[in-house]
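Residue numbers (UniProt numbering): 1 to 371.
Note that the Cβ used here is the ideal one computed from N, Cα and C, for glycine as well.
Remember, predicted model here, so these are calculated numbers, not experimental data.
The structure under discussion appears below in the form of structure tokens.
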Amino acid sequence: MNSASSSNTSSLGLQGRSDMRRQWSLKRVSVQLVDCSIISEMVRSSNCHLLSGRGLSGEAEQHLDKEKKSISETNLLKKHQHRYTGEKPYGCDQCGKRFAKSSYLVKHKRIHTGDKPYGCDQCGKRFSQSEHLFKHKRIHTGEKPYQCLDCGSSFSTSSILKVHQLIHSGEKPYCCDQCGKRVAQSGYLVKHMRIHTGEKPYGCDLCGKRFSRSGNLVTHKRVHTGVKPYGCDLCGKTFAHSGTQTIHQRIHTGEKPYCCDQCGKRFSLSGSLITHKRTHTEENPHGCDQCGMRFAQSVYLVKHKRKHTGEKFYGCDQCGKRFAHSGNLAIHKRIHNGEKPYACDQCGMIFAQSGNLATHQRLHTGEKPYV
1 MNSASSSNTS SLGLQGRSDM RRQWSLKRVS VQLVDCSIIS EMVRSSNCHL
51 LSGRGLSGEA EQHLDKEKKS ISETNLLKKH QHRYTGEKPY GCDQCGKRFA
101 KSSYLVKHKR IHTGDKPYGC DQCGKRFSQS EHLFKHKRIH TGEKPYQCLD
151 CGSSFSTSSI LKVHQLIHSG EKPYCCDQCG KRVAQSGYLV KHMRIHTGEK
201 PYGCDLCGKR FSRSGNLVTH KRVHTGVKPY GCDLCGKTFA HSGTQTIHQR
251 IHTGEKPYCC DQCGKRFSLS GSLITHKRTH TEENPHGCDQ CGMRFAQSVY
301 LVKHKRKHTG EKFYGCDQCG KRFAHSGNLA IHKRIHNGEK PYACDQCGMI
351 FAQSGNLATH QRLHTGEKPY V
């Protein structure tokens with residue numbers, strides 16, 4: 001009985017080995033030359049019972065495991081070889097772009113579908129790739145693992161570090177083909193090119209005004225919202241723009257960094273110097289196409305044109321009255337808040353408007369300009 005059983009098992013083992021060799025003999029391919037489609041066909045066409053290993057002897061199972069491992073190694077090798085051969089077997093059916101790995105194609109397709117499967121558990125922002133979410137989370141954690149060896153500054157991503165390092169190297173690899181100006185980043189070049197093209201892709205949804213830079217749109221919207229995030233630490237006055245805050249602080253410091261090379265007069269604003277220089281040249285380059293009136297500065301022309309168009313961008317949030325100029329709105333608001341910033345140095349009387357102070361001071365000086 002035992003002898004017969006042993007004989008049957010041995011016979012089954014031989015049969016299993018014979019079957020396996022017969023099924024694989026024509027399908028084994030050199031690891032160096034194997035094609036992914038051949039491997040897929042090998043797996044699909046092989047007998048499922050054989051691949052499960054049921055009914056095979058221990059020796060046959062070991063041989064089958066080696067064959068499975070060979071297939072797995074072949075797949076890995078093929079993917080690895082794509083790096084060196086440049087082969088890109090996976091193509092996008094939307095745009096035709098090709099990729100070396102199927103996983104790259106999966107990620108790429110999210111551009112077309114808009115699929116963003118990865119969500120931030122802190123703020124809810126979603127991303128198409130897990131690595132983008134990983135980098136985003138550093139905003140919340142404050143992690144900055146990439147450090148500049150020149151100055152010690154740290155950054156959340158390696159790409160931001162590379163851009164920063166251009167400051168130290170002075171390298172400006174991107175050149176404008178219109179004027180020859182060179183810049184450190186491709187993004188700067190894109191923004192610069194809008195000077196030549198006149199492109200203004202960012203529009204205000206409240207008044208329709210358009211801008212060439214997203215940052216300028218953000219700043220502009222503060223006109224409508226009234227947000228003034230920048231405060232003077234000396235007097236507490238707040239501003240919508242950081243640049244305006246810097247200029248304001250020169251009132252306190254007395255700094256006048258801009259000097260006229262004709263007469264030596266100094267100014268706190270670069271624009272004031274430019275305007276002043278036109279007194280030497282009598283230049284008024286900005287002309288109104290409605291009435292022909294000319295101005296030394298473009299900003300004066302913009303304000304002047306509102307007389308013709310009737311535009312009133314600036315509205316009072318207390319009473320709804322609207323104004324063509326932000327300065328007029330600021331003066332008007334003093335009616336509501338009672339602010340009177342102009343004081344007479346003779347008697348101490350205070351006024352809401354500088355013009356009213358000037359009129360008052362004539363009582364002390366006796367000046368009568370309109371006689």
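Segment limits, alpha helix (DSSP H) that includes residue i
i	result
threonine 359	354-365
serine 214	214-225
asparagine 337	326-337
glutamine 346	That residue, glutamine 346, is in no alpha helix (DSSP H); it is neither H nor E in DSSP.
glycine 271	270-281
glutamine 249	242-253
leucine 161	158-169
glutamate 87	Element bounds for glutamate 87: n/a, residue is neither H nor E.
Backbone CA spacing between residue i and residue j [nearest angstrom]
i	j	result
serine 354	histidine 276	22 Å
threonine 281	isoleucine 274	11 Å
histidine 360	glutamate 367	10 Å
valine 302	threonine 113	44 Å
arginine 182	isoleucine 160	19 Å
aspartate 261	isoleucine 195	29 Å
serine 158	glycine 226	37 Å
isoleucine 335	serine 153	49 Å
glycine 327	isoleucine 111	46 Å
histidine 325	glutamine 346	31 Å
threonine 238	cysteine 204	23 Å
arginine 138	lysine 116	19 Å
leucine 217	arginine 210	8 Å
phenylalanine 99	lysine 125	28 Å
glutamine 178	glycine 198	13 Å
threonine 309	lysine 88	59 Å
threonine 253	lysine 307	37 Å
cysteine 142	leucine 234	Before going further, note that residue 142 is glycine rather than cysteine in the sequence given. The alpha-carbon atoms of glycine 142 and leucine 234 are separated by roughly 31 Å.
Beta-carbon separation (whole angstroms), residue i vs residue j, contact threshold 8 Å
i	j	result
methionine 193	cysteine 207	That belief does not hold up - the Cβ atoms of methionine 193 and cysteine 207 are roughly 26 Å apart, past 8 Å.
tyrosine 342	leucine 329	With 8 Å as the limit, tyrosine 342 and leucine 329 do not qualify as a contact, their Cβ atoms being about 17 Å apart.
cysteine 232	histidine 248	6 Å
serine 242	tyrosine 258	With 8 Å as the limit, serine 242 and tyrosine 258 do not qualify as a contact, their Cβ atoms being about 19 Å apart.
lysine 322	alanine 296	As written in the sequence, residue 322 is arginine, which differs from the lysine given in the question. No, arginine 322 and alanine 296 are not in contact; Cβ-Cβ is about 28 Å, not under 8 Å.
tyrosine 90	valine 223	That belief does not hold up - the Cβ atoms of tyrosine 90 and valine 223 are roughly 50 Å apart, past 8 Å.
Option in the options with minimal Cα separation from residue i
i	options	result
tyrosine 146	Phe155, Arg138, Lys333, Ile139	Phe155
glutamine 129	Phe323, Ala358, Tyr118	Tyr118
glutamine 122	Ile111, His136, His132	His136
valine 190	Ser212, Arg222, Met349, His252	Ser212
glycine 215	Tyr202, Val223, Lys209, Gly315	Tyr202
serine 186	Asp93, Val163, Gly170	Val163
cysteine 148	His168, Glu131, Arg210	His168
tyrosine 188	Gln178, Thr197, Tyr174	Tyr174
aspartate 317	Thr309, Lys307, Gly310, Lys333	Lys333
asparagine 337	Met349, Cys319, Cys344, Gly348	Cys319
6 Å Cβ shell around residue i - same chain, five flanking residues per side excluded
i	result
serine 268	Arg250, Lys256
lysine 144	Ser154, Phe155, Ser156
Own chain, CB closer than 7 Å to residue i, minus 5 neighbours either side, in chain order
i	result
cysteine 288	Leu301, His304, Lys305
arginine 294	Asn284, His286, Gly287
proline 369	none
cysteine 92	Leu105, His108, Lys109
Contacts around residue i, its chain only, beta-carbon distance under 8 Å, and the 5 residues preceding and following it disregarded
i	result
threonine 244	Tyr230
lysine 172	Leu166, Arg182, Val183, Ala184
aspartate 150	Gln165, His168
alanine 352	Ile331, Arg334, Ile335, Glu339, Lys340, Pro341, Tyr342
histidine 132	Tyr118
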